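Asker: Sequential numbering from 1 applies to the sequence shown in the working numbering.
Each residue gets a CB set at the ideal place from its N, CA and C atoms; glycine is no exception.
The structure displayed is predicted, hence computed values, not measured ones.
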Amino acid sequence: TMAHSKDLLVLENFIGGKFVPCSSYIDSYNPSTGDVYCRVPDSGKEEVEAAVKAAKYAFPSWSSKSPLERSQILNRLADLIEHDLEAFAQAESKDQGKTITFARTVDIPRAVYNFRFFASSILHRTTECTEMATMGCVHYTSRTPVGVAGLISPWNLPLYLLTWKIAPAIACGNTVVAKPSEMTSVTAWMMCKLLEKAGVPPGVVNVVFGTGAKTGEALVCHPDVPLISFTGSTLTAQRITEKSAPHCKRLSLELGGKNPAIIFDDADLTQCIPTTLRSSFANQGEICLCTSRIFVQRGIYSEFLKRFVAEAKKWKVGNPSDPTVDVGALISKEHLEKVRSYVKKARAEGARVLCGEGVDSLVLPGGNQKGYFMLPTVIAEVKDESCCMQEEIFGPVTCVVAFDTEEEVVERANSVKYGLAATVWSSNVGRVHRVAQRLQSGLVWTNCWLVRDLNLPFGGMKASGIGREGGKDSYEFFTEVKTITIKH
Ligand code: NAD
């Protein structure tokens with residue numbers, strides 16, 4: 001099933017348990033070299049139709065398996081991915097541009113854990129029951145899978161985010177048609193090669209590759225796909241909402257952010273600085289949870305800035321497969337240009353670019369001269385109204401500004417359209433609670449960042465999304481609830 005032409009990887013759709021070629025293909029690039037890495041099916045209505053048909057056909061049998069049977073299959077799939085962890089990490093790094101270290105320690109281990117987590121979680125869900133003695137009635141709720149779930153994921157954490165949807169969807173007894181980003185499709189295709197061995201019956205997981213406009217929209221518009229779980233940009237979510245409205249589909253939308261870090265003058269800077277560097281620049285700043293507005297209380301502003309910039313300059317940019325590299329390549333040439341344009345705008349508005357883009361020189365190894373690299377960039381003295389403080393940049397760029405009072409910083413932190421994640425740094429417990437309560441943000445981390453318990457809700461407020469994902473939340477999203485009343 002693996003096809004090569006001149007050493008180029010050619011992916012195939014996975015439909016009804018079989019790899020099937022497509023009539024046309026699109027190129028996908030290796031961001032660290034600028035070369036074509038593989039060819040991805042350019043699927044359309046026909047391919048989506050076949051995948052939905054296969055998923056529908058597999059549904060009755062899969063949905064009637066016991067949770068324990070499904071759990072065992074999910075655990076086997078987790079083991080198989082873990083067994084090939086290194087191959088998956090290499091592919092993810094090459095396809096996405098992220099460092100091999102990040103792929104090895106974050107992306108692929110989390111993909112494995114997503115399956116293990118839901119394999120366990122599904123065994124521990126209970127439904128509700130209540131008595132109405134005066135009426136002689138007992139009420140209880142029952143939950144059943146919805147049917148064929150459409151899953152659409154972005155390019156920043158490819159297998160990590162795709163499996164965060166596939167695992168709960170199939171654990172609950174749904175069958176799925178998944179569409180990864182056309183820019184990062186390789187690890188999803190590799191996962192398909194393990195499904196049969198794991199015992200996933202044909203048609204339970206189908207993957208159609210292609211663009212958002214063609215493949216994604218065909219899935220969103222398909223009348224037999226009652227539910228869409230989407231992670232990506234706010235703009236695409238608006239389009240998906242419009243296109244699915246005539247069918248009244250159930251939607252889960254995990255979108256962008258413009259996440260603040262609020263650093264009070266009693267913060268422990270020895271913890272705060274390295275964590276805020278990570279929260280700004282990890283995965284080239286291409287994580288929806290990345291910090292891009294840093295509010296520092298006036299008393300420590302200059303000290304923070306000095307130390308933060310000095311540390312940012314130490315982040316090594318270069319070949320993602322070099323284990324000593326901290327920052328890999330951005331996803332595409334277009335995206336790199338977009339991220340750079342924000343720095344240019346900030347400069348034109350009179351902000352100070354303290355390090356990185358346009359300030360320091362970027363030295364790249366020979367083979368990476370055509371890659372899409374950029375230095376971690378810190379901007380100061382930028383106005384709150386500036387597009388750099390309002391729009392999601394999604395690259396290794398962060399803005400640092402000063403504030404005076406708690407009241408003021410909460411208001412400024414909330415004055416963007418997004419509301420995904422925030423971090424608060426202070427050693428005053430009362431203050432940490434007060435601020436966390438008032439922030440318009442689906443997640444608030446205090447004195448840390450990116451510490452997740454998958455049991456708890458994940459998702460954004462305002463333009464950052466609708467719905468939540470997590471142990472209980474994903475279970476509720478991927479099942480239909482029924483209330484049954486029994487009278488004696
Ligand atoms: P994107 O919206 O461009 O694409 C996401 C996916 O949607 C891709 O698979 C794409 O092909 C598909 N798509 C595009 N147009 C479509 C359409 N009209 N119909 C159906 N599908 C369509 O986003 P991206 O650039 O791939 O990802 C980056 C964005 O994702 C950022 O905004 C980031 O913040 C967000 N993100 C959010 C989370 C979260 O959990 N909240 C996590 C990661 C990334």
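In its own chain, which residues sit with a C-beta less than 6 Å from the C-beta of Thr215, not counting the 5 before and 5 after it?
Answerer: Ser43, Lys179, Val208
Asker: Is the CB-CB distance between Ser292 and Gly256 below 8 Å?
Answerer: no
Asker: Say the cut is 7 Å; is the CB of Phe394 nearer than that to a heavy atom of the ligand NAD?
Answerer: yes
Asker: Please tell me whether Gly299 and Asp265 are closer than 8 Å, where the distance is taken between their beta carbons.
Answerer: Going by C-beta atoms, Gly299 is nearer than 8 Å to Asp265.
Asker: I'd like to confirm something about Arg250: is its beta-carbon nearer than 7 Å to some heavy atom of the ligand NAD, or not?
Answerer: It does not: the Cβ of Arg250 is nowhere closer than 7 Å to a heavy atom of the ligand NAD.
Asker: Can you list, in chain order, the residues of its chain whose CB lies under 8 Å from that of His4, leaving out five sequence neighbours each side?
Answerer: With a pLDDT of only 46 at His4, under 50, the local geometry of the prediction cannot be trusted, and the value read off the model is given with reservation. The answer, listed in chain order, is Val10.
Asker: For Thr130, list the residues DSSP reports as bridge partners.
Answerer: His139
Asker: What number of angstroms, rounded off, separates the C-alpha of Val225 from the C-alpha of Gly173?
Answerer: 15 Å
Asker: With a threshold of 7 Å, establish whether the CB of Ser464 neighbours any heavy atom of the ligand NAD.
Answerer: yes
Asker: Which of the three DSSP states, helix, strand or coil, is assigned to Trp209?
Answerer: The question names Trp, but residue 209 in the sequence shown is Phe. In the structure shown, Phe209 sits in coil (DSSP, three-state: anything other than H, G, I, E or B).
Asker: Could you tell me which of Val146, Lys197, Gly442 sits nearest to Lys258, measuring between CA atoms?
Answerer: Among Val146, Lys197, Gly442, the Cα nearest to that of Lys258 is on Gly442.
Asker: For the beta strand (DSSP E) containing Ile26, list its first residue and its last residue.
Answerer: 25–30
Asker: If we require 3 or more residues per run, which beta strand (DSSP E) segments fall completely within the stretch 35–73?
Answerer: 35–41
Asker: Is any heavy atom in the ligand NAD found nearer than 7 Å to the beta carbon of Gly471?
Answerer: The closest heavy atom of the ligand NAD lies 7 Å or more from the beta carbon of Gly471.
Asker: Mark Ser93 as exposed unless 16 or more other C-beta atoms lie within 10 angstroms of its C-beta, in which case mark it buried.
Answerer: Ser93 should be labelled buried.
Asker: Between the stretch 51–60 and the stretch 6–25, are three or more C-beta pairs nearer than 8 Å?
Answerer: yes
Asker: Specify the secondary structure class of Asn114 as computed by DSSP and reduced to three states.
Answerer: helix
Asker: Hey, would you say the C-beta of Lys316 is under 7 Å away from at least one heavy atom of the ligand NAD?
Answerer: no
Asker: Less than 8 Å separating the beta-carbons of Val416 and Arg438?
Answerer: no
Asker: For the alpha helix (DSSP H) containing Thr405, list its first residue and its last residue.
Answerer: No alpha helix (DSSP H) holds Thr405; DSSP gives it neither H nor E.
Asker: Taking 7 Å as the line, does the beta carbon of Lys338 fall inside it for any heavy atom of the ligand NAD?
Answerer: no
Asker: Tell me the rounded alpha-carbon separation between Cys388 and Leu161.
Answerer: 26 Å
Asker: Taking contact to mean 3 or more Cβ pairs, one atom from each stretch, closer than 8 Å, check whether the stretch 80–99 and the stretch 176–192 are in contact.
Answerer: In short, these stretches touch, since the Cβ pair count reaches three.
Asker: Taking one C-beta from the stretch 127–147 and one from the stretch 335–349 each time, how about it: are there three or more such pairs within less than 8 Å?
Answerer: no
Asker: How long is the line joining the alpha carbons of Ala103 and Leu85, rounded to whole angstroms?
Answerer: 9 Å
Asker: Could you name the residues of the same chain whose beta carbon sits closer than 6 Å to that of Phe115, not counting the 5 residues immediately before and after it, in chain order?
Answerer: Leu74, Leu77, Ala78, Ala167
Asker: Under the assumption that Gly356 contacts Pro376 (Cβ atoms under 8 Å), give the Cβ distance between them as a whole number of angstroms.
Answerer: 5 Å
Asker: Looking only at its own chain, which residues have a Cβ that is under 6 Å from the Cβ of Val40, when we skip the five neighbours before and after it?
Answerer: Within the same chain, Leu11, Ile26, Ser28, Glu182, Ser185, Phe209 come within 6 Å of Val40 by CB-CB distance, once the 5 residues on both sides are set aside.
Asker: My understanding is that Leu219 touches Ala149, with C-beta atoms under 8 Å, so please give their C-beta distance in whole angstroms.
Answerer: Between Ala149 and Leu219 the Cβ distance is about 10 Å, and since that is not below 8 Å, they are no contact.
Asker: Please report how far the alpha carbon of Glu242 lies from the alpha carbon of Ile294, in whole angstroms.
Answerer: If you take the alpha carbons of Glu242 and Ile294, they lie about 35 Å apart.
Asker: I need the boundaries of the beta strand (DSSP E) containing Gln369, first residue and last residue.
Answerer: Here Gln369 belongs to no beta strand (DSSP E), and DSSP marks it neither H nor E.
Asker: Quick one: is Gly465 buried, meaning 16 or more other Cβ sit within 10 Å of its Cβ, or exposed?
Answerer: buried
Asker: Classify Glu286 as buried or exposed, calling it buried when 16 or more other Cβ atoms lie within 10 Å of its own Cβ.
Answerer: buried
Asker: What does Leu227 pair with, by DSSP beta-bridge criteria?
Answerer: Ala149, Arg250
Asker: What residues match up with Phe308 in a beta bridge as DSSP calls it?
Answerer: Looking at the DSSP assignment, Phe308 forms no beta bridge with any residue, so it has no partner.
Asker: Tell me whether His4 sits in a helix, a strand or coil according to DSSP, three-state version.
Answerer: Annotation note: pLDDT 46 at His4 (below 50); position unreliable, coordinate value reported separately. The answer is strand: DSSP assigns His4 an E or B state.
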